[in-house]
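Input: a single structure, listed below in structure tokens.
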Amino acid sequence: MATTTSPVLDRVRNLVTPVTDDLDLDLYDIEQRGATLRVTVDTKPGGAGGITLDTLALVTRLVSRELDHDDPVPGRYTLEVTSPGVERAMRTPAHFQREVGKVVNVRLSDVASDERRLQGTLESADDDGIVVDGTTVRYDQI
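Below, the structure written as structure tokens:
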């Protein structure tokens with residue numbers, strides 16, 4: 671399971687978390703690819719509805735202000751604030767835990783496995799791994 675962490679992303683996370691907390695949103699993910707810094711926000715687990723365009727615009731303005739003030743990202747970059755959408759990438763135990771009870775499609779990294787994908791209902795998720803339709807999978811296999 672790939673996680674997105676680095677000293678720069680940790681600094682960005684520390685700046686963005688108070689913004690999302692103040693707006694009662696969940697900071698779902700932060701990633702940097704090339705010159706793009708992507709901040710993904712979502713409603714709190716169990717929250718009603720989804721993220722609106724107005725909310726994304728507000729988060730973009732507030733996050734941009736924080737990043738301009740502290741300047742944690744070296745060089746030029748494009749800030750992209752988005753929501754995870756239906757086909758969301760799950761990278762952390764918290765991502766999996768918020769999807770318990772839903773149908774998931776998990777790509778396995780274990781080359782020795784006959785099955786490269788596992789699809790079914792996510793029955794449980796903890797700090798060690800997940801259970802999909804009775805099959806236990808450790809995070810290092812994802």
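Per the working numbering, numbering through the sequence shown is continuous, rising by one, with the last residue being 812.
Here a beta-carbon is modelled for each residue, glycine too, at the ideal position from N, C-alpha and C.
These numbers were taken from a predicted model, which means no experiment stands behind them.
Discussion item. With DSSP as the reference, identify every bridge partner of Thr748, one or two as the case may be.
Written reply: Translated into the one-based positions of the sequence shown, residue 748 becomes position 78. Thr706, per the DSSP bridge assignment.
Worksheet entry | Nearest to Gly771 (by Cα), restricted to the options Leu695, Val756 and Gly790 | Here the question's residue 771 lines up with position 101 in the sequence shown. Ranking Leu695, Val756 and Gly790 by Cα distance to Gly771 puts Gly790 first.
Worksheet item: Per DSSP, which one or two residues make a beta bridge with Gly799?
Response: To locate residue 799, count along the sequence shown from 1; it is residue 129. Answer is Arg808.
Worksheet item: In chain order, what residues of the same chain have a beta carbon less than 8 Å from the beta carbon of Glu750, not counting five sequence neighbours either side?
Response: In the sequence shown, residue 750 corresponds to position 80, counting from 1. If we look at Glu750 and ignore the five residues flanking it on each side, its Cβ neighbours are Thr706, Leu707, Arg708 and Val709.
Worksheet item: Is the distance from the Cβ of Ser753 to the Cβ of Val711 below 8 Å?
Response: Counting from one through the sequence shown, the residue named residue 753 turns up at place 83. Counting from one through the sequence shown, the residue named residue 711 turns up at place 41. It is a contact, given that the beta carbons lie within the stated cut-off.
Worksheet entry | Beta-carbon contacts of Pro623 that lie in its chain and below 7 Å, excluding the five residues immediately before and after | Within the shown structure, residues of the chain are numbered from 671 to 812, placing residue 623 beyond reach of any answer.
Fill in: Rounded straight-line distance, which links the Cα of Leu788 to that of Asn775
Here residue 775 refers to the residue found at position 105 of the sequence shown. Here residue 788 refers to the residue found at position 118 of the sequence shown. If you take the alpha carbons of Asn775 and Leu788, they lie about 6 Å apart.
Item to complete: Using the DSSP secondary-structure output, state which residues sit across from Ile700 in a beta bridge.
Response: Numbered from its first residue, the sequence shown carries residue 700 at position 30. In DSSP, Ile700 forms a bridge with Val709.
Worksheet entry | Proximity winner among Leu723, Tyr809 and Thr690, relative to Gln767 (alpha-carbon distances) | Counting from one through the sequence shown, the residue named residue 767 turns up at place 97. Residue Tyr809 is the option with its Cα nearest to Gln767.
Worksheet item: Do the stretch 789-803 and the stretch 730-744 make contact, defined as three or more Cβ pairs closer than 8 Å?
Response: no
Worksheet entry | Alpha-carbon to alpha-carbon, Ile800 and Ala672 | Here residue 672 refers to the residue found at position 2 when the sequence shown is read from its first residue. Here residue 800 refers to the residue found at position 130 when the sequence shown is read from its first residue. Low confidence applies here, because Ala672 scores a pLDDT of 49, under 50, leaving its location unreliable and the question unanswered by this model.
Worksheet entry | Residues near Lys714 by beta carbon distance below 8 Å, same chain, minus five either side | In the sequence shown, residue 714 corresponds to position 44, counting from 1. Asp694, Leu695 and Asp696.
Worksheet entry | Close-in-space but distant-in-sequence residues of the same chain around Arg777 (CB under 6 Å, 5 per side omitted) | For this step, residue 777 is matched to residue 107 along the sequence shown. Here the set comprises Arg787.
Practice prompt. On a CA-only basis, which of Thr730, Val773 and Arg746 is nearest Arg758? Give me that one, please.
Written response: Here residue 758 corresponds to residue number 88 of the sequence shown, with the count starting at 1. Of Thr730, Val773 and Arg746, the residue nearest in Cα terms is Val773.
Fill in: Beta-bridge partners of Gln789, as assigned by DSSP
As a position in the sequence shown, residue 789 is number 119, starting the count at 1. According to DSSP, which records beta bridges pairwise, Gln789 is partnered with Asn775.
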